[in-house]
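Peer 1: Numbering (our numbering), first residue to last: 1 to 101.
Sharing a structure with you now.
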């Protein structure tokens, strides 16, 4: 599948090439049609470029959200480990107190 850029490049290259001697020059109607095609392709390219910019911004936002979530998960894992260690220390202290009584 050709992209809009490919089609625009191909079309403009065709326009720059000299026509074969048997073809002659383009009449005014052909020139007008070619110009309309170029404008249509340029408009399509601008729309695709805008969509790509929008997708890039959305990707950046999602990456930032993912980084924030990773940091949050890391902190939660550290908090959980601290709680486990604290509970283990308390359990050991309770066992020692019960053993001494």
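Even for Gly, the Cβ is constructed at its ideal location relative to N, Cα and C.
Which of helix, strand or coil does DSSP assign to residue 5?
Peer 2: Position 5 of the chain shown, counting from 1, holds the residue named residue 5. The answer is helix: DSSP assigns residue 5 an H, G or I state.
Peer 1: How many whole angstroms separate the CB atoms of residue 4 and residue 33, which I take to be in contact at a CB cut-off of 8 Å?
Peer 2: Along the chain shown, read from residue 1 onward, the residue named residue 4 stands at position 4. Along the chain shown, read from residue 1 onward, the residue named residue 33 stands at position 33. So it is not a contact: roughly 18 Å between Cβ atoms.
Peer 1: Whole angstroms is fine: what's the gap from residue 63's alpha carbon to residue 101's?
Peer 2: Translated into the one-based positions of the chain shown, residue 63 becomes position 63. Translated into the one-based positions of the chain shown, residue 101 becomes position 101. Taking the straight line from one Cα to the other gives about 57 Å.
Peer 1: What residues in its chain sit with their C-beta under 7 Å from that of residue 48, if we drop five residues either side in the sequence?
Peer 2: On the chain shown, position 48 is the one that residue 48 refers to. Here the set comprises 4.
Peer 1: Give the secondary structure of residue 89 by DSSP, where H, G and I count as helix, E and B as strand, and everything else as coil.
Peer 2: Taking the first residue of the chain shown as 1, we reach residue 89 at position 89. Residue 89 falls in the helix class under three-state DSSP.
Peer 1: Can the beta-carbon of residue 78 be found closer than 7 Å to that of residue 41?
Peer 2: Against the chain shown, residue 78 aligns to sequence position 78. Against the chain shown, residue 41 aligns to sequence position 41. The answer is no: Cβ separation not under 7 Å.
Peer 1: For residue 49, which of helix, strand or coil comes out of DSSP?
Peer 2: In the chain shown, counting from the first residue as 1, residue 49 sits at position 49. Looking at residue 49 - three-state DSSP - the assignment turns out to be helix.
Peer 1: Assuming residue 11 and residue 37 are in contact, meaning their beta carbons sit under 8 Å apart, how far apart are those beta carbons, in whole angstroms?
Peer 2: The sequence position of residue 11 within the chain shown is 11, counting from 1. The sequence position of residue 37 within the chain shown is 37, counting from 1. Rounded, the Cβ-Cβ distance is 6 Å, consistent with contact.
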